[in-house]
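Engineer: There's a structure below that I have some questions on.
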Amino acid sequence: MSIWETMLGLPLEGTSDGQPDGGPALIGTVRITGAWNGALDVRCTPGLARKAAAAMFACEEDALSEDEVRDSLGEIANMAGGNLKALLPQPCALSIPVVIDAADADPRPASGVCIVQFTCDADPFSVQLVDYSNEET
Amino acid sequence: MKRILIIDDSKAMRMIVARTIRQAGFGDCTIVEATNGAEGLAAVRAQTPDLVLCDWNMPEMSGYDLLEALNADGKVPPFGFITSEGTLEIKVKALEAGASFLIVKPFTVNALQDAVRGMRAA
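Those sequence lines, one after another, are chains F and B.
Heads up, the first sequence is in my numbering, so the first residue is 5 and it goes up one at a time.
Heads up, the second sequence is in my numbering, so the first residue is 15 and it goes up one at a time.
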């Protein structure tokens, strides 16, 4: 994933076990509406979100506020969503990113979901694409 | 290049753009920041920068709306977008509104360097 490598310089490996289920997680999400309706979620542990934020801010992890960690994850979701949007039928609009705790997230529909899983230094990380085209949102 | 205004609602991205400007060889510039188009518009009107590097999608006022407002003012400083919005439609819209370039995030030092140098050469 070029965002991870170009912007953060962090190692990323594809895996079949990248979903941080069970423990706490943060989700950065952007909605895409228009000719295609859906959402892109970037989900990772709070620890990995902090590590990514430290790379973006070029500082120590413990120097970051919670807002800065969330801002960074939101921007990662924004970049991923923008790159995805360019591949979708047009016209589409991209929302401002939102970052939430996974515990507060609405359950995603079981259908129309594509998940790509990674690990970064053994921390699980996933990108989830949710297709709302055939659903009430 | 003396004064560069970075407009982005993400603090992390403003930090990355500022760092990339320094890495691209423009370290002697003064960096000024704004967090959305409305703040950016006020900053440009208060003191015209030598270059504006602006996000597209922001709360309160988008980068495109900011550029249109500057066009209405009749005074548009050198202006480039740095955005995750990379569709052809957006690029055409940006250039037609008077932007000199549009760089898609994630971006490299070379991409910013080439865009700024290309603008200065034009």
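In this text, a Cβ means the ideal position worked out from N, Cα and C, and glycines have one as well.
(1) Please go through the same chain and pick out, in chain order, the residues whose beta-carbon is closer than 8 Å to the beta-carbon of Pro-63(B), but skip the five residues on each side of it.
(2) Below 8 Å between beta carbons: does that hold for Ala-111(B) and Asn-85(B)?
(3) Answer with buried or exposed for Ile-100(F), where buried requires no fewer than 16 other C-beta atoms within 10 angstroms of its C-beta.
(4) Use the C-beta contact count for Ala-58(F): other C-beta atoms within 10 angstroms, 16 or more gives buried, fewer gives exposed.
(5) Verify the CB distance criterion: does Thr-19(F) have a CB-CB separation below 8 Å to chain B?
(6) Under 8 Å, Cβ to Cβ, is there at least one residue of chain B near Ile-100(F)?
(7) Residues of chain B with a CB under 8 Å from the CB of Glu-72(F): which are they?
(8) Assuming contact is defined by CB atoms lying nearer than 8 Å, are Asn-82(F) and Ser-76(B) in contact in what I supplied?
(9) Confirm, please, whether the CB-CB distance from Tyr-78(B) to Lys-107(B) is below 8 Å.
(10) Residues in its own chain within less than 8 Å of Gly-94(B) by CB, not counting five upstream and five downstream?
(11) Is Pro-15(F) helix, strand or coil by DSSP?
(12) Along the chain, which unbroken stretches of the alpha helix (DSSP H) at least 4 residues long are found entirely within the segment 93-123 of chain B?
(13) With distances taken from CA atoms, which of Val-31(B), Ile-21(B), Gln-127(B) and Val-123(B) is nearest Glu-53(B)?
(14) Would you identify the three-state DSSP class for Leu-88(F), choosing helix, strand or coil?
(15) Ile-18(B) touches chain F at which residues, Cβ-Cβ below 8 Å?
(16) Going by DSSP, which residues form a beta bridge with Asp-127(F)?
(17) Which two residues bound the contiguous alpha helix (DSSP H) that contains Glu-82(B)?
(18) Given a threshold of 16 other Cβ atoms within 10 Å of its Cβ, counted over all protein chains shown, does Val-134(F) qualify as buried or as exposed?
(19) Report the neighbours of Pro-73(B) on chain F: residues whose CB is nearer than 7 Å to its CB, in chain order.
(20) List, in chain order, every chain F residue whose beta-carbon is nearer than 8 Å to that of Thr-97(B).
(21) Nearest by alpha-carbon distance to Lys-89(F): which of Thr-49(F), Leu-68(F), Ala-67(F) and Ile-36(F) is it?
(22) Could you list the residues in the segment 80-113 of chain B with a C-beta less than 8 Å from some C-beta on chain F, going in chain order?
(23) Cα separation between Asn-41(F) and Phe-122(F)?
(24) With H, G and I counted as helix, E and B as strand and the rest as coil, what does DSSP make of Gln-94(F)?
(25) Less than 8 Å between CB atoms is the rule here; does Met-29(B) satisfy it with respect to chain F?
(26) Mind pulling the chain F residues with CB within less than 7 Å of Thr-122(B)?
Structural biologist: Inspection of the coordinates gives the following:
(1) Arg-17, Ile-18, Leu-19, Val-46, Ala-57 and Pro-91
(2) Closer than 8 Å, so yes.
(3) exposed
(4) buried
(5) Look at Thr-19(F): its C-beta is not under 8 Å from any C-beta on chain B.
(6) Chain B contact via Cβ: present.
(7) Lys-25 and Ala-26
(8) no
(9) Contact flag set, yes.
(10) Answer for Gly-94(B): Leu-65, Val-66, Leu-67, Cys-68, Ala-113, Ser-114, Phe-115, Leu-116, Ile-117, Ala-129, Val-130 and Met-133, listed in chain order.
(11) Collapsing the DSSP output to three states places Pro-15(F) in coil.
(12) 102-110
(13) Answer by Cα proximity: Ile-21(B).
(14) Assignment of Leu-88(F) by DSSP, reduced to helix, strand and coil, places it in the helix class.
(15) What Ile-18(B) touches in chain F: nothing, since even the nearest Cβ is about 18 Å away.
(16) BP columns for Asp-127(F) point to Cys-124(F).
(17) 77-87
(18) buried
(19) Ile-100
(20) Gly-86
(21) Ile-36(F)
(22) Thr-97, Ser-98, Glu-99, Gly-100, Thr-101 and Glu-103
(23) 25 Å
(24) coil
(25) A Cβ of chain F is located within less than 8 Å of the beta carbon of Met-29(B).
(26) Thr-10
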